[in-house]
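Peer 1:
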């Protein structure tokens with residue numbers, strides 16, 4: 500952006516020791532939108548003072564967050580709730596300059612490898628074994644325990660780059676591939692787990708007995724398949740009644756909301772607590 504007298508004056512005030520003055524200045528700078536980021540980056544490069552650099556970084560983050568919040572608003576009101584698009588928006592919180600092309604290329608490569616192995620004569624279990632074999636065997640995706648110190652394990656771009664993710668991020672990747680291939684796999688909200696379920700034909704969200712419309716379940720960290728008996732044993736082990744609502748498929752919007760809430764837990768510290776609040780704000784936007 501062309502550096503006008505007003506912009507120059509605002510940038511000079513970033514180092515004002517008065518926090519109220521800095522707050523007012525940063526709000527005014529944010530009003531210029533993303534085009535002012537190169538001006539801020541140039542100032543950062545020519546500023547040896549680390550405190551001033553931190554302030555500049557904070558303003559840049561505010562600008563990027565404002566832009567991301569608008570993208571989430573548009574994703575929400577559009578009503579399509581594309582899971583891949585939503586996941587990439589979440590990733591842009593941590594990687595605002597993320598190029599989506601490599602991600603789309605990797606997902607298309609996975610989709611095509613699975614598609615080449617599928618045919619109309621396979622049973623549901625055979626279909627899932629092929630998907631699991633490609634994703635976890637041929638492709639080499641690994642599952643990790645959910646850890647809020649490993650931010651990248653939640654982000655689709657990094658899961659594809661490092662070939663490791665937790666139950667939630669691996670599950671989202673699995674769902675994206677199944678959706679692209681019209682395979683009826685959905686996420687369900689089993690307590691303390693992110694579990695996938697293969698839906699039987701004729702499934703309807705209007706029915707009360709959701710569990711009866713599930714063929715089998717998939718643990719997405721590893722791709723392991725398990726049965727209704729395994730689920731019953733799990734509920735007994737955690738001493739929780741198996742309510743019908745636990746077997747109702749989660750919408751893509753709910754999945755992205757859950758991903759935002761889980762990612763927010765990665766910033767549960769004094770230094771980055773503002774990021775936790777921002778992620779929860781994005782999650783609340785989807786209500």
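In the working numbering, the protein residues as written are 500 to 786. Idealized CB from N, CA, C, for every residue including glycine.
1) Have a look at the DSSP bridge pairing and note the partners of residue 664.
2) At which residue ranges does the segment 672-741 contain complete alpha helix (DSSP H) runs of 4 or more residues, listed in the order of the chain?
3) Go through the segment 545-617 residue by residue and report every complete run of the alpha helix (DSSP H) that reaches 4 residues or more, in order.
4) Under the assumption that residue 513 contacts residue 551 (Cβ atoms under 8 Å), give the Cβ distance between them as a whole number of angstroms.
5) Considering only the beta carbon of each residue, do residue 634 and residue 667 sit closer than 9 Å?
6) Give the C-beta separation of residue 618 and residue 637 to the nearest angstrom, bearing in mind that I take them to be a contact with Cβ-Cβ under 8 Å.
7) Mapping the DSSP letters down to three states, classify residue 516 as helix, strand or coil.
8) Can you name the residues that DSSP bridges to residue 748?
9) Using only alpha-carbon positions, find the residue among 690, 540 and 781 that is nearest to residue 749.
10) What first and last residue would you give for the alpha helix (DSSP H) that runs through residue 629?
11) Do you know how far the Cα of residue 614 is from the Cα of residue 639?
12) Which first and last residues belong to the alpha helix (DSSP H) in which residue 511 is found?
13) Which residues mark the beginning and the end of the alpha helix (DSSP H) in which residue 781 is found?
14) Inspect the beta-carbon positions of residue 631 and residue 717 and report whether they are closer than 9 Å.
15) Going by C-alpha to C-alpha distance, which of 523, 715 and 756 sits closest to residue 588?
16) Any idea what DSSP makes of residue 760, helix, strand or coil?
17) Are residue 696 and residue 682 touching if we call contact CB-CB under 9 Å?
18) For residue 641, which residues of its own chain have a beta-carbon under 7 Å away from its beta-carbon, when the five flanking residues on both sides are left out?
19) Compare the C-alpha of residue 741 against each of 569, 761, 674 and 708 and name the closest.
20) Can you check which of these residues, 744, 677 and 533, is closest to residue 568 by C-alpha distance?
21) Tell me the rounded alpha-carbon separation between residue 672 and residue 595.
22) Can you grab the Cα-Cα spacing for the pair residue 765 / residue 650, in whole Å?
23) Out of curiosity, what's the CA-to-CA distance linking residue 699 and residue 562?
24) Quick check: the Cα distance between residue 524 and residue 536, rounded to an integer number of angstroms?
25) To the nearest angstrom, how far is the alpha carbon of residue 540 from that of residue 728?
26) Residue 711: buried (16+ other C-beta within 10 angstroms of its C-beta) or exposed?
27) Distance, Cα to Cα, residue 723 vs residue 657?
Peer 2: Well, looking at it:
1) Paired residues: 642.
2) Segments of the alpha helix (DSSP H) lying fully in the segment 672-741: 727-736.
3) Qualifying alpha helix (DSSP H) stretches, in chain order: 549-577, 582-593 and 600-616.
4) With 8 Å as the limit, residue 513 and residue 551 qualify as a contact, their Cβ atoms being about 6 Å apart.
5) Not closer than 9 Å, so no.
6) In fact, because the Cβ distance is near 18 Å, the residues do not count as touching under 8 Å.
7) Shown here, residue 516 sits in coil according to DSSP, grouped into three states, outside any helix or strand.
8) Checking the DSSP bridge columns, you'll see residue 748 partnered with 687.
9) For the residues 690, 540 and 781, the minimum Cα distance to residue 749 belongs to 690.
10) Per DSSP, residue 629 belongs to the alpha helix (DSSP H) from 623-631.
11) If you take the alpha carbons of residue 639 and residue 614, they lie about 18 Å apart.
12) Residue range 504-511 is occupied by the alpha helix (DSSP H) that includes residue 511.
13) Per DSSP, the unbroken alpha helix (DSSP H) holding residue 781 starts and ends at 772-784.
14) Yes, Cβ-Cβ distance for residue 631 and residue 717 is below 9 Å.
15) The shortest C-alpha separation from residue 588 is found at 756.
16) Residue 760 carries a helical assignment under DSSP once its states are collapsed to helix, strand and coil.
17) A distance of 9 Å or more separates the beta carbons of residue 696 and residue 682.
18) Excluding sequence neighbours, residue 641 sits near 662 and 663.
19) Taking only the C-alpha atoms, the option nearest residue 741 is 708.
20) The shortest Cα separation from residue 568 among 744, 677 and 533 belongs to 533.
21) Approximately 20 Å between the Cα atoms of the pair.
22) Their backbone Cα atoms lie some 6 Å apart in a straight line.
23) Spanning the two alpha carbons is a distance of roughly 46 Å.
24) Cα-Cα distance, rounded: 15 Å.
25) Roughly 57 Å separates the two Cα atoms.
26) A residue is called buried once 16 or more other Cβ atoms fall within 10 Å of its Cβ, and residue 711, having fewer, is exposed.
27) Roughly 22 Å between the two C-alpha positions.
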